[in-house]
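As they're listed, the protein sequences go chains A and B.
So the first sequence is numbered by the working numbering: it starts at 1 and just counts up by one.
So the second sequence is numbered by the working numbering: it starts at 1001 and just counts up by one.
Just so it is clear, CB atoms sit at the ideal spot from N, CA and C, and this is done for glycine as well.
Here the structure is a predicted model, which is why all the values come from computation and not from measurement.
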Amino acid sequence: MLQAYLYIAKMKLLTNLTYRFEWLTSIFTNLILMLASVFIWQAAYRGGGGAGEALSVDDMVTYSILSSTLGALFVCNVQDTIYVKMREGQIATDLYRPLPLLGGYLADDIGGMLSSILNNAIPLFLFAALFFGFPGPADPLSLALFIPSCLLSYGILWLLSALVGMVAFWVMELGNMGMVKDVILRVLSGAFVPIWFFPGPVQTVSAFLPFQYTYQTPLGIYIGRVGTYEALGDMAVQAVWIALLALLLAAVWRRAKTKTLIQGG
Amino acid sequence: MIATLRHYLSVASCFARLAVQRQLEYPLFLVSWLLMIPTSYFTGIWMLRVIVERFQPLGGWDFPELTFLYGLGLISHGILVVFFINTWSIDRKVINGEFDRLLLRPMNVFFQLVASYVNFIGLIDCIPGIVIFAYGCYLTGFEWTAAAIAKLILVLLGGVLIRAALFIALGSIAFWTKRNGAVVGFAVITLERTTMYPLSLYPYALQSLLTFLIPIGFISFYPAAEFLGLDDGGLELPLSFALWTPAVGIVSFFLAHGLFRLGMRKYESAGS
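So this is what it looks like as structure tokens:
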């Protein structure tokens, strides 16, 4: 069973490495996004701006670089996969396979993520180190907490993506709702502007939503904005969200299976 | 001459009608775009507001001016997406041999490529563009005199031509390389970060590159800086950008068109 998943992940890794031209362009796209946010933060702090802030400009540069790197790393294609396969009717062949459908898609995304480490995240991080100096963690303990927190983040992101993808089982005509989720995520995850900088009411509402626990939580740990205990607390919240979303996904999936409509023939 | 022009116009309007009808065939399909695109741009400008309110104006650009620039850049993006969307998929047309069909018709191939698809959905990009720009005008106290409106139209026209030239040139590379789909995504993102955010945020090397080599700065940044009387990073040209932008637009459009024609000679149709 595990071998089957490993095979899917390996095949994804190999396909991604084949398209070299796409690979270069995607590095440059991520680089532009990273440069733009770093330069915006530098302008915001220039000449004594943000003097009263707890975070320095270097903290925000590190935050932006790591955020872009994570953005390149967290591959969650499941929403698009489900949408496209439903539209084209290919979901039928995937359901034949002696593997749970979602498990297969997760393996596919993990393969995508592994290849991203090599061909996206590392080059991007090196570029950033070259331009702006090495964006190191606040201290070794921050790094030690950052890594598990990132894994939890990926869990939340993937489950959200799969849940939104499930919408296609009911209403295919509305187009890909994953795009809408991605826009909301881009703002409320704190990937560009951390939620700490938003007005108070936004922060309060956001604390009860899963989004800020995807980017802001691990990044805040990395730059040392939160202490060890607070970091552990945040990670506990991440785990709770994973449990909730997983339960929800299981319930939705049970219903979706009976709703499956195979297009074409 | 006039007869030819009229013929081309009638074909273009016929194409446009067909394209719009085709897209309205499945109206619900637009729902996700209709939710996604405005949310994306409204939250984009909101995040800039959060930054300048908490910190300081970005290189002299405060929220009203940023809104003005963001809106101006977005409108010209929206117009491009309506009229020139086919330039985004030249590589696919090269690989699939779709130019065969256009070559068989007794009409200019480039005209057919551009005119054959009026992207009605692109209007969804124009809506937040107009709303944000109008709000920016209100906040900055932009005066709607006849001269200002004429300047604005010239700038938009020139900006759309520069954008179109860029995508035509990038697309034409596909005649040689056969694939460059990902480059379009790269160009879209780069344009968004350089026409809707002040160019003066970036280092001098990048500013010069985006002014003299790839004239992206002319699309919205320099004109907006002139309209608002703000620091544009030190580029000084005689006369108004309302003249420079269309001039640069026309020149780059012709250059890109030349590259496209050169590429067409390399076109070898698709196998089997």
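For Cys1126 of chain B, the uninterrupted alpha helix (DSSP H) segment begins and ends at 1123-1140. At least one CB of chain A lies nearer than 8 angstroms to the CB of Leu1028 of chain B. Within the segment 73-124 of chain A, the complete alpha helix (DSSP H) runs of at least 4 residues fall at 78-88, 91-96, 101-116.
The three-state secondary structure of Leu1259 of chain B, taken from DSSP, is helix. With respect to the 8 angstroms criterion, Ser1252 of chain B and Ala1174 of chain B are not classified as neighbours on the basis of their beta carbons.
Taking the beta carbon of Tyr215 of chain A as reference, no residue of chain B falls within 8 angstroms; the closest one sits roughly 14 angstroms away. Listed by position along chain A, the residues whose Cβ is nearer than 7 angstroms to that of Tyr1202 of chain B are Phe39.
When secondary structure is reduced to three states using DSSP, Trp1061 of chain B falls in the strand class.
The beta carbon of Val180 of chain A falls within 8 angstroms of a beta carbon belonging to chain B, placing the residue at that interface.
Note that the C-beta distance between Phe125 of chain A and Leu31 of chain A is not below 8 angstroms.
Flagged as an interface residue toward chain B: Glu22 of chain A, by a C-beta distance shorter than 8 angstroms. Short of 6 angstroms from the beta carbon of Asn119 of chain A, and not among the five residues preceding or following it, lie these beta carbons of its own chain, in chain order: Trp23. Around the beta carbon of His1007 of chain B, a 10 Å sphere encloses fewer than 16 other beta carbons of the protein chains shown; the residue is thus reported as exposed.
Residues of chain A whose Cβ lies closer than 8 angstroms to the Cβ of Tyr1197 of chain B are, in chain order, Ala36, Ile40.
Each residue's CA atom was taken as its position, placing Val78 of chain A and Leu160 of chain A some 10 angstroms apart. Between Val183 of chain A and Thr1043 of chain B a beta carbon distance of about 7 angstroms is seen, short of the 8 angstroms cut, so the two are scored as contacting. Contact of Leu1074 of chain B with chain A by beta-carbon distance below 9 angstroms is absent, the smallest such distance being about 15 angstroms. Between the alpha carbons of Val193 of chain A and Trp1046 of chain B lies a distance of about 10 angstroms.
For the segment 1008-1040 of chain B, the residues whose beta carbon sits under 8 angstroms from a beta carbon of chain A are, in order, Tyr1026, Leu1028, Phe1029, Leu1030, Val1031, Ser1032, Trp1033, Leu1035, Met1036, Thr1039, Ser1040. Around Trp170 of chain A, the same chain offers Lys259 as residues with beta carbons nearer than 7 angstroms, after the five sequence neighbours per side are excluded. Counting only runs of at least 4 residues, the segment 191-221 of chain A fully encloses the following alpha helix (DSSP H) elements, listed from N- to C-terminal order: 200-207. At least one CB atom of chain B sits nearer than 8 angstroms to the CB of Val193 of chain A. When the Cα atoms are used, Ser1220 of chain B and Phe1133 of chain B turn out to be separated by approximately 12 angstroms. Pairing Gln1207 of chain B with Thr217 of chain A, the inter-Cα distance amounts to about 34 angstroms.
Contacts between Met177 of chain A and chain B, judged by CB atoms closer than 7 angstroms, involve Ser1032 in chain order. The count of Cβ pairs closer than 8 angstroms, one atom from the segment 1117-1126 of chain B and one from the segment 1150-1167 of chain B, stays below three, leaving the stretches out of contact. Taking a C-beta distance under 8 angstroms as the contact criterion, Phe1110 of chain B and Phe1260 of chain B qualify as a contact pair.
Those residues of the segment 1054-1086 of chain B placed with their C-beta closer than 7 angstroms to a C-beta in chain A are Arg1054, Phe1055, Gln1056, Leu1058, Gly1059, ordered along the chain.
At a C-beta separation below 7 angstroms, Gly1122 of chain B has no neighbours in chain A, since its nearest C-beta there lies roughly 15 angstroms away. At a cut-off of 8 angstroms between C-beta atoms, Val187 of chain A counts as an interface residue with respect to chain B. Excluding five sequence positions before and after Thr81 of chain A, the CB atoms of its chain that fall closer than 8 angstroms to its own CB belong to Tyr105, Asp108, Gly165, given in chain order. Judged by beta-carbon spacing, Asp1232 of chain B lies within the 8 angstroms limit of Tyr1222 of chain B, meaning their Cβ atoms are closer than that value. Secondary structure at Glu230 of chain A: helix, using DSSP grouped into helix, strand and coil. For Met1036 of chain B, the number of other beta carbons within 10 angstroms of its own is at least 16, and it is reported as buried. Sequence-distant Cβ neighbours of Gly1136 of chain B in its own chain, meaning closer than 6 angstroms and more than five residues away, are Thr1067, Phe1068, Gly1071.
In the three-state reduction of the DSSP assignment, Asn1086 of chain B falls in the helix class.
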